[in-house]
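In the order they appear, the protein sequences are chains U and S. Residues in the first sequence are numbered from 76 upward in steps of one, following my numbering. Residues in the second sequence are numbered from 76 upward in steps of one, following my numbering. Heads up: the structure comes next, in structure tokens.
Protein chains: 2
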Amino acid sequence: MPLDLDIALDRSSPVPLYHQVASAFERAIREGALPPETKLENEIALAQRYSLSRPTMRQAMDQLVRDGLVVRRRGVGTQVVGPPVRRNLKLSSLYNDLQEEGAEPKTTVLSLENVTADEGICKKLGLSAGTTVQHLLRLRRVDGRPLALMENWIPPEVAELTEEVLEHDGLYNVLRKSGVDFRMAYQTVGAAAADADQAEQLAVEKGSPLVLMERTALDSRGSAVECGRHLYRADRYSFDITLVN
Amino acid sequence: MPLDLDIALDRSSPVPLYHQVASAFERAIREGALPPETKLENEIALAQRYSLSRPTMRQAMDQLVRDGLVVRRRGVGTQVVGPPVRRNLKLSSLYNDLQEEGAEPKTTVLSLENVTADEGICKKLGLSAGTTVQHLLRLRRVDGRPLALMENWIPPEVAELTEEVLEHDGLYNVLRKSGVDFRMAYQTVGAAAADADQAEQLAVEKGSPLVLMERTALDSRGSAVECGRHLYRADRYSFDITLVN
DNA sequence: CAGTGGTCTAGACCACATA
DNA sequence: ATGTGGTCTAGACCACTGC
């Protein structure tokens, strides 16, 4: 099983070699060129085949493992993972999540104002009590039908938001353009019942189940730049996660 | 800021050095010895301090980054992350998840029988249509109060389950003892309303919001060994996730 | 400019799985 | 006994940040 993938490596590209290799394998797996159960060559042979050192090839394989595309067994080898199910929808990286956040279609700003943050928000954002923050409430629609009710709190020193900008771009894109460098997020996903207001906004019946997501996002300096509480229609949204051991 | 942690490295231990180092830093951070915003020494100095090569020290730092404890910036350095919030509850690895699954208190087996798997289950488990699988329905209580209604499907060749064993141990522990080597899981988290039966089992009102989790678990050979559909009381359960860029 | 993390190399030894 | 992935070393050069 030589299975030569004919990967075109560009050593002058700013894209790391291990990422070029991993991307090529990922595409091959998704396109079926490497069907499930396929056994890959060993790491040393792969490294030689593509003229890389073994650590670099290993770094590429690490990425495939993290993304849940292959499985490694010591003493045995590396195989493409079994069922081709749900391998497309993964929320396993902040990057993907933020990209989607910025790519969504229609958003209406229901409210944008400065408020005195309550204790919970202050704690989440690492602010001292009584600090003023921007409070944002948005409704997101897809195909004209409501999907999510999004409430966010942003410290004023992070960015000055305006309704106009937020109508045309996702919050994360706006913040990124203001120089915020997202790096990490703590997220909690649960469920809640829609109250009267939420039900009306989301066009569901009062008491309907909603997906509740609370998130605190940190920038590259490790300080909180945003926290949010989002409610999604349960019939139109869920979170996909790939867990790796 | 020398910040010597006095890490005791055991080079004869089966535990990898990078993991020993990462664990020591993790403990120091959680215990407050390294408060938020603390700037760590650069990687080369750290490597020398603990008599390691830089790649090994880097591997340790990688783990801290993945766990959301520190943040790295090229050209700047590595810092302990900001808010000490929710840093304890993380479901970011399958290992932790499965541990908890095995550690929970009281579980009642409501039903255990062989059934013909429907199309959806077959697809998730990678079986051909019409295969017989074990169907398991359990109710989990904590402090005597119901928490979760758990439905699982397991192919017969994976393990032969009995009610008695399942009353005393979590499903994952039972399967592990049968030789199953878990490696990966695809998970979806959403919300649903309790129907009449579910409401009664979970001691909530009909229509109450529940957290819905669907999971397919794979072993080290990459083949599906279990899939499940769990319903949790929304007032007593949620999923915590740490996302890293 | 100096200092940092990001990447990469070319080896080495070990633990483990399989035959 | 053999082959595999898991770990580790001792360097190197680069890109980026901040002064």
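For glycine and all other residues, C-beta sits at the position ideal for the given N, C-alpha and C.
C-alpha distance - residue i paired with residue j, whole-angstrom precision
i        : j        : result
Leu80/U  : Leu121/U : 10 Å
Glu301/U : Ser253/S : 46 Å
Asn171/U : Gln209/U : Residue placement at Asn171/U is flagged as unreliable, the pLDDT there being 46, under the threshold of 50; the coordinate-derived value follows with that caveat. Using only the alpha carbons, I get a separation of about 25 Å.
Tyr125/S : Val90/U  : 32 Å
Thr131/U : Gly219/U : 47 Å
Ser168/U : Gln138/S : Bear in mind that a pLDDT of 35 at Ser168/U, under 50, signals an unreliable position, so the number given afterwards is only what the model happens to contain. Computed Cα separation, rounded: 15 Å.
Pro231/U : Thr317/S : 25 Å
Leu287/S : Pro180/S : 21 Å
Arg258/S : Asp272/U : 43 Å
Leu293/S : Val319/U : 10 Å
Leu224/S : Arg251/U : 42 Å
Pro110/S : Val156/S : 9 Å
Ile196/U : Ser88/U  : 43 Å
Gly238/S : Asp256/S : A small fix is needed here, since residue 238/S is Glu in this sequence, not Gly. The alpha-carbon atoms of Glu238/S and Asp256/S are separated by roughly 22 Å.
Gly143/S : Glu188/S : 42 Å
Val145/S : Glu194/U : 25 Å
Leu115/U : Glu275/U : 53 Å
Ala204/U : Thr191/U : 9 Å
Arg86/U  : Leu92/U  : 7 Å
Val249/S : Ser313/U : 29 Å
Leu84/U  : Ala278/U : 51 Å
Ser98/U  : Arg147/U : 18 Å
Arg216/S : Ala269/S : 17 Å
Ala260/S : Ile104/U : 18 Å
Arg133/U : Gln95/U  : 13 Å
Lys198/S : Val140/S : 36 Å
Glu235/S : Arg149/U : 27 Å
Within chain S, partners of residue i - CB distance below 8 Å
i        : result
Tyr312/U : Gly265
Gly107/U : Those do not exist, as Gly107/U stays about 15 Å from chain S at its closest Cβ, beyond 8 Å.
Test: residue i CB closer than 8 Å to a CB of chain S
i        : result
Met259/U : yes
Pro110/U : no
Ile316/U : yes
Ala268/U : yes
Ala274/U : no
Asn163/U : Here the model assigns Asn163/U a pLDDT of 41, short of 50, so the residue's position is not dependable, and the following value carries that caveat. Cβ-Cβ to chain S under 8 Å: no for Asn163/U.
Gln262/U : yes
Ala309/U : yes
Leu127/U : no
One or two residues paired with residue i in a DSSP bridge
i        : result
His305/S : Met225/S, Met288/S
Arg215/S : Thr182/S, Ala223/S
His210/U : Glu188/U, Trp228/U
Phe100/U : None, per the DSSP bridge assignment.
Thr153/S : Arg147/S
Leu246/S : Answer by DSSP bridge pairing: none, since Leu246/S is not bridged.
Gln123/U : DSSP output for Gln123/U lists no bridge partner at all.
Met322/U : Limits of chain U in this structure are 76 at one end and 320 at the other, which puts residue 322/U out of reach.
Gly205/S : None, per the DSSP bridge assignment.
Residue-level contact to chain U via CB, residue i, 8 Å cutoff
i        : result
Ser168/S : A caution first: Ser168/S carries a pLDDT of 35, below 50, which makes its placement in the model too unreliable to give a value.
Gly297/S : yes
Ala223/S : no
Ser88/S  : no
Gln123/S : no
Asn117/S : no
Tyr93/S  : no
Residue i beta carbon near the ligand FMN (any heavy atom closer than 7 Å)
i        : result
Leu127/S : With respect to small molecules bound, the structure shown includes none, and the ligand FMN cannot be examined in it.
Assumed close pair residue i, residue j - CB separation to whole angstroms, cut-off 8 Å
i        : j        : result
Arg308/S : Leu222/S : 6 Å
Arg304/S : Glu289/S : 5 Å
Arg35/S  : Glu118/S : Lying outside 76 to 320, the shown extent of chain S, residue 35/S is not represented and no answer is given.
Gln154/U : Gly201/S : Not a contact, Cβ separation roughly 14 Å.
Gly282/S : Gly282/U : 6 Å
Thr263/S : Asp315/U : 5 Å
Glu242/U : Val184/U : 6 Å
Proximal residues of chain S, C-beta to C-beta of residue i below 9 Å
i        : result
Gly282/U : Ala268, Gly282, Ser283, Pro284
Listed by chain order, chain U residues near residue i by CB distance under 9 Å
i        : result
Val208/S : What Val208/S touches in chain U: nothing, since even the nearest Cβ is about 14 Å away.
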